[in-house]
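Residue numbers (the numbering used here), protein chains in the order written: chain A, 379 to 724; chain B, 379 to 724; chain C, 379 to 724; chain D, 379 to 724. We treat Cβ as the ideally placed atom computed from N, Cα and C, and that holds for glycine. Everything below concerns the one structure shown next.
Structural data, given as structure tokens:
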């Protein structure tokens, strides 16, 4: 089959690879209908993650079930399904609850990152632990929406849930990339009165406004947040960038007894943390990996009913054959690109 | 001054009464700019509440502060303000937190109902405990919205908050009168995926739909709820009618381990309660009076930011001089009437 | 094997019955080491429950696994185990979380009550859905403690958890029978400052005091509760009797915005409910069946570490061969009886 | 009057100073009956805090009200009272709720630290905002217990409350000094099954065991925690030391999706924070200053009823005249010293 394969720093190639084979009776084979490129794939593209050359990449994909192992009970051949971008053992107490990122057997893996778990920017994928990793796409959810449910929408929602938002709150979202925008939509589900979205890029701020946020250019953020909160600070801050500097800004901008929720991926072994400021502020600080399937019971009905419309974040739709160019564009942030959808049939 | 005065069952008259006088140094005098008639005023109109003839009625009003006692610190002459429809002693631990309906000194009273607390369907009102009962109307909140913040919007919101709604839930609201419709808007703040609104009146169902609800004619409710929830029952039910029959329906329609939240006013000393059904369902059942000022820190910013637009429930705007006719119309449910706003200057 | 068999009102007999046979590959066969008689077994004994004559009774038992079906993964032959007194399908979303009383497939059944689910007051029991219904007895938990973990301790704990207790609260427990006493111990886990236990029987009140409660004779309860709470009412009331009268007392004794949690079994289709009082009090009222396995992750460590010592409720230890007499004694409340442990080997 | 006065690093003297005078009509004058030295006073003693020489120190004290301003309503001359070690403006929304450390007017101050707020290791103290800072000592609370309620017991309790403890949890407390021991007692109120207390000092570990903890010598902590939690990590960790190293250990020892609650005082502007570890663990991290009066409604009833017995932490009772020696002993950790009570009459 055709697939996007990692060959080293900034070297992603579309090429032919052997068809995937399900590893055991609990696995399923999924023919990919659409996949997406995630911001975290760029870390990999830039050589910042220890991925073996030759690995098929991608952890956001949906498709049709072609084959199921004999122990798979909840998924049937012919189902159109969404697949969690991250999986665990599928059997421990935490995995059974969907908290696959906290697998008690420490078998958490991400598709297209874990060395034995080839990814979904390909024509087909073998999915282990199919009963826990897969859900049928219900009526009312489009294929594009389903792709977003495999990782990035749960991530944005996780950021909002972790922020302890209460009705009437003023929330700051740092970063108007796709994750930040989905955090904005999610924060609305918790009753935020005002959601300030901070970014440097005017186009992204315009989109944040369109989606219901209050756009704040990064250069004006200190002053604007102070003014709009009467110098008290924001009730909650969601950090969706992942740099040390924006994490520090988040702590700076939150009010006493508020919450900072980090969903930007920061993989530093040591970030300078302003402990005395945190102490004076009575800070709650959260950072974590999204437990995708745990969040589906909340998110799938919200998308199916039309209350959440996340698909606005797709700006580019390309064929899988254009995958190398898609990575280049996305990395260069050219052409107003926010998020790319890939079609393996093209 | 002119005021609407209760003279007995279905006998409400606009007449001249003495001007109100503040009772002590903690009181303020408010010139009424707008008042509204509440569904609960109809109980009074129908003679179902023990109100002394001669009392000025009405507990939903906003206006301008004309005079403040020497101990009033947070309110100034000239402020345009909203006044809580219900007040307590204003000083005990609960009143200080806005929970005036749970006053530890048992001094909870409703304007225009409590015999020493003349109401706001009048040109002016004396407000005791002004610091706790009054808030300035902030920028972004219209006079009509402010009237709704004095009682009925907090009531709808209280119903939604008491329902333990989680994101993705299916919620049923029984009754598409003004309180039910405001409960519908409020339930959206807690992330409900689907909100079914049950009523008998097609016009009210149409308005529920316009406000984002799924309209369900009462005659089809049993079947529709069963179908849409795969026979599991609704996650949460908000009862906004107050009859014994609809409270029983609420218990019937909720799923196991769900919550029934009653905001319809039911004053029966004894309602037959299906205890064995509640036992089998693991039921949480809540009913209570709204602690108006406790809810303002959530609701005022939501209205000010435009996230909550409750004013749609007003269908009639009349002069105070037409007050008697307004009560008649509202009681007869003529002319598509939902909620009446009264202007004391007319 | 020998077993206690129901033959009609007040006619319980120890007799020989066919050995149980596991129903399918997900079942296990358990040799009973100890069983207990539950207060709810008395409803059955008195003919108040529709149980078919000939059924082996009892839903509180522990034992050794003798045989497991081919699909049983978490339980092994030779394990000493505790078995949930209530089971569901074992596979739906709720059962997987231990909420077997809310089984989505509506297959909730109690051992020794459900007509196809013979009980545990016997030498052996066939247990369906073994992976979900069974847990090994861990180090630190005695056989007698394990018996209490199968139903009655989770019930007392459920009552306390449902009561929304906060540290510093004053809690009333109505009924100092075994369930009430275990609710008393459980309420201590949530930080209650004072736990008043109301009963008529001096011996039970003495035991309540020994376990850390404040004993209140029923005849003095109105006055005592009023006095100790400065006429405000108790923060929380746990009802552990199940009569209409005590449920009404619970509502009477709770403070505004407090919680009433009912674990006494009341199976009336219609109890007169003081709706206007509930309305004035802003009442939260909960009643339900205990989801036994859901509570094990909290309760098993607490018993194993010695923080919870529930075994004090056993007052009588008898042989299974004395089972008929045990029921008679328990029903007559003779001999200071609180709870009976049965040994099938005698 | 006599008082302990700060004169520079490790130079604390008992000397005569002018009697305190209440600053306004909202203040009260309190004759000190007992005061205590807090661990945080040592920071000051060691010259680590910017305190003006000449300041009377101490923020833990109780006494008798000698004089009240004309606007003081809740406190009367002759009352024996406890005084919050930290105060705010006393009038903003947060102060009214007891959250004085989050004063909206940014007027939070600690007695004996803030330059205009002389402390309580003295014969008398002027207390601003008396209505909010002072509570009568109720029946059942001893003078020694009352002293602990002014700061250190609320701090330990705050650490436990911030740790999100659920019944059945395994909790680690780092540090068996007075704050750690009170965190241990407090963690029991939230239903912890096992509380491991880590320290280097055998006497402190022995006391932790006496109070219900599981003592763990610091050198064995890594191995013991791993073993007792099956390599999963502790559900919650309360850090009661305040060093960078112990904060890092706390993050190391907590399980995925667990909580680290820091009450040790760490005033570093920049602590190296293991962000990638926090990310992988889905960490909740809390650190803050204790809002003393907010916690009294929970803590005062618990001490009054005997459920909390914090007084065990006092190891030394001395006269105020021995104050300089008390600081020296405490700083040197000589003589098994844990916490010193001072009597101004000696």
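- Between the C-alpha atoms of residue 526 of chain D and residue 695 of chain C there is a straight-line separation of about 47 Å.
- With fewer than 16 other Cβ atoms from the protein chains shown falling within 10 Å of its own Cβ, residue 455 of chain C counts as exposed.
- Contact annotation: residue 441 of chain D and residue 404 of chain D have beta-carbon atoms that are not nearer than 8 Å.
- The residue from D:623, D:555 and D:425 with its alpha-carbon nearest to that of residue 533 of chain D is D:555.
- Counting only the Cα atoms, residue 484 of chain D lies some 56 Å from residue 520 of chain C.
- By the CB criterion at 8 Å, residue 643 of chain A and residue 415 of chain A fall outside the cutoff.
- Cβ-Cβ distances below 6 Å link residue 635 of chain B to 660 in the same chain, with the five nearest sequence neighbours on each side left out; the list follows chain order.
- Taken in chain order, the members of the segment 466-486 of chain C whose beta-carbon sits within less than 9 Å of a beta-carbon on chain A are 469, 471, 474 and 475.
- For residue 665 of chain C, the nearest beta carbon of chain B is closer than 8 Å to its own beta carbon.
- Rounded to whole angstroms, the separation of the alpha carbons of residue 693 of chain D and residue 704 of chain D is 12 Å.
- The CB of residue 610 of chain B comes closer than 8 Å to the CB of 482 in chain C, given here in chain order.
- Under the three-state reduction of DSSP, residue 701 of chain D is assigned to helix.
- Counting along the chain, no beta strand (DSSP E) covers residue 585 of chain C; the unbroken alpha helix (DSSP H) around it starts and ends at 580-588.
- Residue environment: residue 664 of chain D is assigned as buried (16 or more neighbouring CB atoms within 10 Å of its CB, all protein chains considered).
- With the rule of 3 Cβ pairs closer than 8 Å, the segment 556-566 of chain A does not count as touching the segment 473-492 of chain A.
- Annotation: the continuous beta strand (DSSP E) that includes residue 577 of chain A extends over 572-577.
- Taking 8 Å as the threshold, the shortest C-beta distance from residue 578 of chain B to chain A does not fall below it.
- For the segment 440-456 of chain A, the set of positions with a beta-carbon nearer than 9 Å to some beta-carbon of chain D is empty.
- Under the 8 Å Cβ criterion, the segment 382-395 of chain D does not count as touching the segment 560-579 of chain C, having fewer than three qualifying pairs.
- Interface with chain B (8 Å Cβ-Cβ cutoff): residue 548 of chain C is excluded.
- Nearest to residue 390 of chain B by C-alpha distance, out of B:594, B:430, B:577 and B:398, is B:430.
- Interface annotation, residue 683 of chain D: in contact with chain C, CB-CB separation under 8 Å.
- Beta-bridge annotation (DSSP): residue 612 of chain A is paired with A:632.
- Close partners of residue 544 of chain C in chain D (Cβ separation under 8 Å): 676.
- Here DSSP, grouped into helix, strand and coil, assigns residue 542 of chain A to coil.
- Scanning the segment 432-464 of chain C from its first residue to its last, the whole beta strand (DSSP E) runs of 3-plus residues come out as 438-446 and 458-461.
- Against chain A, the beta carbon of residue 568 of chain B has neighbours under 9 Å at 545, 567, 568 and 569, listed in chain order.
- Taken through DSSP and simplified to helix, strand or coil, residue 527 of chain D comes out as coil.
- In this structure, C:630 is the residue among C:461, C:618, C:545 and C:630 with its C-alpha nearest to the C-alpha of residue 653 of chain C.
- Residues of the segment 638-665 of chain B that bring their beta carbon within less than 9 Å of a beta carbon in chain C comprise 640, 643, 644, 645, 646, 647, 648, 649, 650, 651, 652, 653, 654, 655, 656, 657, 658, 659, 660, 661, 662, 663, 664 and 665, in sequence order.
- Residue ranges of uninterrupted beta strand (DSSP E) with 3 or more members, entirely inside the segment 639-721 of chain A and ordered along the chain, are 649-651, 661-665, 694-697 and 718-721.
- In terms of CA proximity to residue 469 of chain C, A:474 leads the group A:466, A:467, A:474 and A:649.
- Selection D:502, D:548 and D:667 evaluated against residue 605 of chain D yields D:548 as nearest (Cα-Cα).
- Straight through space, the alpha carbons of residue 618 of chain D and residue 478 of chain B are spaced by roughly 39 Å.
- With fewer than 16 neighbouring CB atoms inside 10 Å of its own CB, residue 397 of chain D falls in the exposed class.
- When Cβ-Cβ separations below 8 Å define contact, residue 526 of chain A makes no contact with chain B.
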